[in-house]
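Asks:
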Amino acid sequence: MDIKWLKSFIAVVEEGSFRAAAEKLYISQPSITVHMKLLEEHLQVQLFDREHTKVKVSAIGEKYYPMAKKLVAEIEASTKEIHLESLHPAVPLIISVSPALLYTNLLERIHNFIEVHQQYNVEIEMEDQMQLESAIKVQRIDVALGLHKFISKEFHSERIDRSPLRLVYSSKFQLAEKELDLQLKALFNEHPLYIGYLNEHTPVVEWLNNEYDIKKFNKINDVIFAIKLIKEGLGIGLLPESLISQEIEADLLRVVDIGPIGTVYPVDLYMSHLRSSTKIIPLTSFIRDTQ
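Okay, so the sequence shown: first residue is 2 according to the working numbering, each after it adds one.
Here it is in structure tokens:
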């Protein structure tokens with residue numbers, strides 16, 4: 002279907018005759034006639050009732066008129082959009098997010114960035130924390146969002162969030178009505194403590210072990226897996242509040258107070274990239290300003 006046929010049809014309906022439509026579109030009347038014939042053949046309907054030299058829009062023509070208007074508007078809008086795209090091609094931007102951050106508000110912040118900055122063609126990948134540094138170095142990704150700071154001077158790492166550590170247990174557990182110290186001793190006696198997925202665990206675990214003599218440690222490298230096991234009641238764990246706020250709100254996990262030690266060694270979330278990269282500046286500014 003040719004857009005010229007649609008424009009001619011719309012003009013005839015609005016102007017009331019083939020002659021007036023031709024004058025409006027600055028084309029000949031025979032051209033209008035040909036366009037209408039071709040459009041009717043294409044649609045296999047009669048758009049006009051013809052009586053000698055007079056034409057009147059048919060019932061099906063009246064129904065098709067708003068459809069034709071919508072089609073023309075969509076074609077013209079898409080033509081304009083693709084033309085603008087050709088003048089200003091989208092900038093590719095690959096963001097890698099550590100799987101541990103799936104339950105934070107980071108994905109929402111990235112989504113809001115995409116809505117505001119449509120000049121970017123954004124891809125989001127999930128990458129193991131230990132692979133992020135090498136992925137940026139070879140420029141396979143542009144920005145990494147994770148729990149660890151890059152040390153090398155060629156990278157820029159900045160903290161974009163900070164969260165206290167919480168000792169959590171499954172809501173399936175029923176703690177006896179005892180003093181806090183006795184509750185903690187019972188937890189550490191009866192359930193393994195999951196460790197290994199955060200560097201920040203070390204001083205807090207050492208302090209807890211000195212105070213309460215933890216009976217068993219289970220080492221797990223994946224935060225998401227640890228959260229799943231703890232929710233199922235297969236152990237207890239130390240986790241940053243930002244990763245488990247939904248579980249706490251839904252009463253799937255419960256927090257037991259360990260005092261100020263959890264805030265003395267908080268968990269930081271970092272945004273890292275090559276110092277030489279400039280195309281990521283709008284993203285880093287947006288993430289920084291929407292904490």
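Cβ atoms here follow ideal geometry from the backbone N, Cα and C, with glycine treated the same way.
The structure displayed is predicted, hence computed values, not measured ones.
#1: Going by other Cβ atoms of all chains shown within 10 Å of its Cβ, with 16 needed for buried, is residue 8 buried or exposed?
#2: Mapping the DSSP letters down to three states, classify residue 276 as helix, strand or coil.
#3: Provide the residue(s) that pair with residue 95 in DSSP beta bridges, ordered along the chain.
#4: According to the neighbour-count rule (16 or more other Cβ atoms, all chains shown, within 10 Å of its Cβ), is residue 226 buried or exposed?
#5: Taking only the alpha-carbon atoms, compute the straight-line gap between residue 197 and residue 266 and give it to the nearest angstrom.
#6: Using 8 Å as the Cβ pair cut-off and three pairs as the minimum, do the stretch 266-278 and the stretch 136-151 touch?
#7: Compare the Cα-Cα distances from residue 168 to each of 51, 161, 63 and 245 and report the closest residue.
#8: Which same chain residues end up closer than 6 Å to residue 1 when comparing Cβ atoms and leaving out the 5 residues on each side of it in sequence?
#9: I'd like to check one pair, residue 111 with residue 95: are the Cβ atoms closer than 8 Å?
#10: Taking buried to mean at least 16 other C-beta atoms within 10 Å of its own C-beta, is residue 241 buried or exposed?
#11: State yes or no: is the C-beta of residue 253 within less than 8 Å of the C-beta of residue 164?
#12: Checking the sheet assignment: what are the DSSP bridge partners for residue 219?
#13: Applying the criterion that 16 or more other CB atoms from any shown protein chain within 10 Å of the CB defines a buried residue, is residue 105 buried or exposed?
#14: Just checking, does the stretch 68-76 make contact with the stretch 201-220 on the three C-beta pairs under 8 Å criterion?
#15: Once you ignore the five residues that flank residue 185 on each side, which residues in its own chain have a CB closer than 7 Å to its CB?
#16: Please go through the stretch 35-93 and give each complete beta strand (DSSP E) segment of 3 or more residues, from N-terminal end onward.
#17: Considering only residues of the same chain and omitting the five flanking positions on each side of residue 134, which have a CB-CB separation below 6 Å?
#18: Report yes if the CB atom of residue 291 is closer than 8 Å to the CB atom of residue 113, and no otherwise.
#19: Just to confirm, is the Cβ distance from residue 77 to residue 97 under 8 Å?
#20: Taking the alpha-carbon of residue 261 as reference, which of 140, 205 and 31 has the nearest alpha-carbon?
#21: Let me know the secondary structure DSSP gives residue 294 once reduced to three states.
#22: The alpha helix (DSSP H) that contains residue 290, what's its start and end?
#23: Which whole-angstrom value describes the C-beta separation of residue 289 and residue 170, a residue pair presumed to lie in contact below a C-beta threshold of 8 Å?
#24: Consult DSSP for residue 149 and reduce its assignment to one of helix, strand or coil.
Replies: Walking through what the data contain:
#1: buried
#2: coil
#3: 124
#4: exposed
#5: 15 Å
#6: yes
#7: 245
#8: Residue 1 lies beyond the range of the chain shown here (2 to 292); nothing can be said about it.
#9: no
#10: buried
#11: no
#12: 195
#13: buried
#14: no
#15: 213 and 257
#16: 49-52 and 55-58
#17: 151
#18: yes
#19: no
#20: 205
#21: Any answer about residue 294 is impossible in this case: the structure gives the chain only from 2 up to 292.
#22: 282-290
#23: Contact flag wrong, Cβ pair sits at about 35 Å.
#24: coil
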